[in-house]
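Encoded as structure tokens, the structure appears first; notes follow it.
Numbering (the numbering used here), first residue to last: 12 to 166.
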């Protein structure tokens, strides 16, 4: 997937998130003190920015395949598109995938302020990863067998 496509969708989401005014994300309390663990990302926009950094890093660092061409077998390196992966994103951000699954559950709690915005960012990231894999497989850039299995499209 080209940088242009995902960048446009992220910019749109960022504008929508910035338009939402929440004085403070996290746990709502009656006594004015925050309770619970400190969030990995203070706001959904900061989470979105970190996810954007992952997509930029992946796009900027394609795989390099070593090949030999021509009758003289000249050594060349060809760049190959690197797929976005959920595990890759989690590792890039410094958290394991289970952290984000628990985070999604945690933000569903009624006392958590701004949880729907965080979940929206995570859902958007998952959709971009899905689209990248599917687009790459259908265009022949990625192994369609592996991607179909990973996306749950194969038996």
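We put the CB at the ideal spot given by N, CA and C, even for glycine. Note that the structure is predicted; figures quoted are calculated from it, not measured.
request  = Could you check what DSSP says for residue 79 in three-state terms: helix, strand or coil?
outcome  = strand
Point to revise | Simplified DSSP state of residue 40, which is helix, strand or coil | key: Confidence at residue 40 is low in this model, with a pLDDT of 49, below 50, so the placement of that residue should be treated as unreliable; the coordinate-derived value is given next. Correct three-state label for residue 40: coil.
Next on the checklist: Please report whether the beta-carbon of residue 74 lies at a distance below 8 Å from any beta-carbon of chain D.
Outcome noted: Note that chain D does not occur in the displayed structure, where there is just one protein chain.
- prompt: Cβ-heavy atom distance between residue 80 and the ligand FMN below 7 Å?
  reply: Annotation note on the ligand FMN: not contained in the displayed structure, which lists no ligands.
Cβ atoms of residue 128 and residue 55: under 8 Å apart, would you say? yes
C-beta contact flag for residue 144 and residue 94 at 8 Å:
yes
*Start and end of the beta strand (DSSP E) containing residue 154?*
Element bounds for residue 154: n/a, residue is neither H nor E.
Item checked: residue 63 - DSSP class collapsed to helix/strand/coil -> helix
Once you ignore the five residues that flank residue 85 on each side, which residues in its own chain have a CB closer than 8 Å to its CB?
-> 79
I need the DSSP call for residue 89, collapsed to helix, strand or coil. strand
Span of the alpha helix (DSSP H) around residue 99: 97-104
Review point. Name the DSSP beta bridge partners of residue 74, please?
Key: 91
Which residue's Cα is closest to the Cα of residue 105: 138, 62, 161 and 87? 62
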